[in-house]
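Encoded as structure tokens, the structure appears first; notes follow it.
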Amino acid sequence: MNGAGAPVELKTFERIVFFCGAGLSAESGIPTYRGAGGIWGKYRYEEYACQRAFDRNPGKVWDFHDERRRFVAGCEPNPGHHVIARVQARKPDTRIITQNIDGMLQRAGARDVIELHGSLWQVRCDWEGTVKNDVDVPIQSRTCRCGATLRPDIVWFDDSLDPHVVRAAIDAMTTADLLVTIGTSGEVFPAAQLPFIAMERGIPSIEINPEETPMSRLYRYVMRGPASSMLERLDYTG
Ligand code: OAD
Numbered sequence: 001m002n003g004a005g006a007p008v009e010l011k012t013f014e015r016i017v018f019f020c021g022a023g024l025s026a027e028s029g030i031p032t033y034r035g036a037g038g039i040w041g042k043y044r045y046e047e048y049a050c051q052r053a054f055d056r057n058p059g060k061v062w063d064f065h066d067e068r069r070r071f072v073a074g075c076e077p078n079p080g081h082h083v084i085a086r087v088q089a090r091k092p093d094t095r096i097i098t099q100n101i102d103g104m105l106q107r108a109g110a111r112d113v114i115e116l117h118g119s120l121w122q123v124r125c126d127w128e129g130t131v132k133n134d135v136d137v138p139i140q141s142r143t144c145r146c147g148a149t150l151r152p153d154i155v156w157f158d159d160s161l162d163p164h165v166v167r168a169a170i171d172a173m174t175t176a177d178l179l180v181t182i183g184t185s186g187e188v189f190p191a192a193q194l195p196f197i198a199m200e201r202g203i204p205s206i207e208i209n210p211e212e213t214p215m216s217r218l219y220r221y222v223m224r225g226p227a228s229s230m231l232e233r234l235d236y237t238g
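For reference, each letter of the sequence shown is one residue, going 1 to 238 in the numbering used here.
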């Protein structure tokens with residue numbers, strides 16, 4: 001442990017990869033998906049977060065996502081998001097991979113965030129094959145100019161990840177010199193597999209999570225605590 005009680009000092013690395021999950025945004029007030037108070041404990045994904053539900057009742061699925069937009073828009077990035085954005089500003093080879101769809105890292109100033117599961121703030125027309133930003137709450141129009149129904153550009157259950165996005169994440173893991181995984185249960189694949197690519201290369205790896213996960217034993221270091229204070233400890237530059 002260094003002076004700040006952290007296993008490593010971020011400033012000694014050049015190609016840090018931050019691999020983020022819902023726990024990163026928990027301190028912003030955004031509920032995680034699993035565990036106590038988790039979104040999937042309150043809403044059945046079969047009714048709100050899969051293509052079949054959307055085909056059956058697009059209005060109901062859109063209402064759910066409009067409500068999520070409204071909620072997330074009322075939350076603020078927390079110190080954990082800001083640490084990550086700050087490290088990236090200092091070290092341009094930093095890569096940020098997130099499973100989150102909330103856009104909080106970007107609001108904290110992070111750039112080029114690799115969004116594995118899409119974004120709450122983008123809509124897609126599967127008929128035209130187009131994606132566009134739409135940050136209105138509620139969404140301006142649920143219908144594309146071509147007449148087809150727009151859908152949130154989110155990777156729902158049983159959807160495939162965008163291969164270009166996966167490629168970018170693999171490349172980041174392949175060149176990283178430090179892996180910092182934050183606030184993910186490690187239960188959703190293929191995302192949960194990505195850290196193995198970095199770990200297999202023998203680079204230092206850190207898991208930040210207040211709770212143990214199925215992946216914890218694979219990390220060289222584990223920091224048990226909330227994302228914001230653990231990230232601040234890692235970024236201690238004194
Ligand atoms: P989960 O809800 O599965 O896990 C959240 C993790 O965050 C748990 O391991 C918690 O212990 C941890 N956690 C809670 N509070 C924390 C805090 N303050 N600081 C750090 N960690 C904390 O969320 P994900 O692993 O991100 O998909 O879930 C993966 C995917 O499943 C999501 O991207 C989502 C969901 O279905 C989509 O939205 C498409």
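Beta carbons are placed, not taken as given, at the ideal position from N, Cα and C, and that holds for glycine. Computed from a predicted structure; not experimentally measured.
task: Express the C-alpha separation of C146 and E242 in angstroms, rounding to a whole number.
output: Missing from the structure shown is residue 242; the chain here goes from 1 to 238 and no further.
- prompt: Roughly how many angstroms lie between the CA atoms of G37 and S25, to the nearest whole one?
  reply: 14 Å
query: Which residue or residues does DSSP assign as beta-bridge partners of R201?
result: DSSP lists no partner for R201.
task: Please report how far the alpha carbon of F196 lies from the alpha carbon of P163, in whole angstroms.
output: 18 Å
Simplified DSSP state of M230, which is helix, strand or coil: helix
message: With H, G and I counted as helix, E and B as strand and the rest as coil, what does DSSP make of G3?
response: Only weak support is given to the placement of G3: the predicted model assigns it a pLDDT of 47, under 50, and the value that follows is read from those uncertain coordinates. DSSP places G3 in coil when its eight states are reduced to three.
- prompt: Do you know offhand how far G225's Cα is from A148's?
  reply: 46 Å
- prompt: When the Cα atoms are used, what is the spatial distance from E240 to H65?
  reply: It is not possible to answer for residue 240, since the shown part of the chain is limited to 1 through 238.
query: Where does S160 sit, in a helix, a strand or coil, going by DSSP?
result: coil
N-terminal and C-terminal residue of the beta strand (DSSP E) that D153 is part of: 151 to 154
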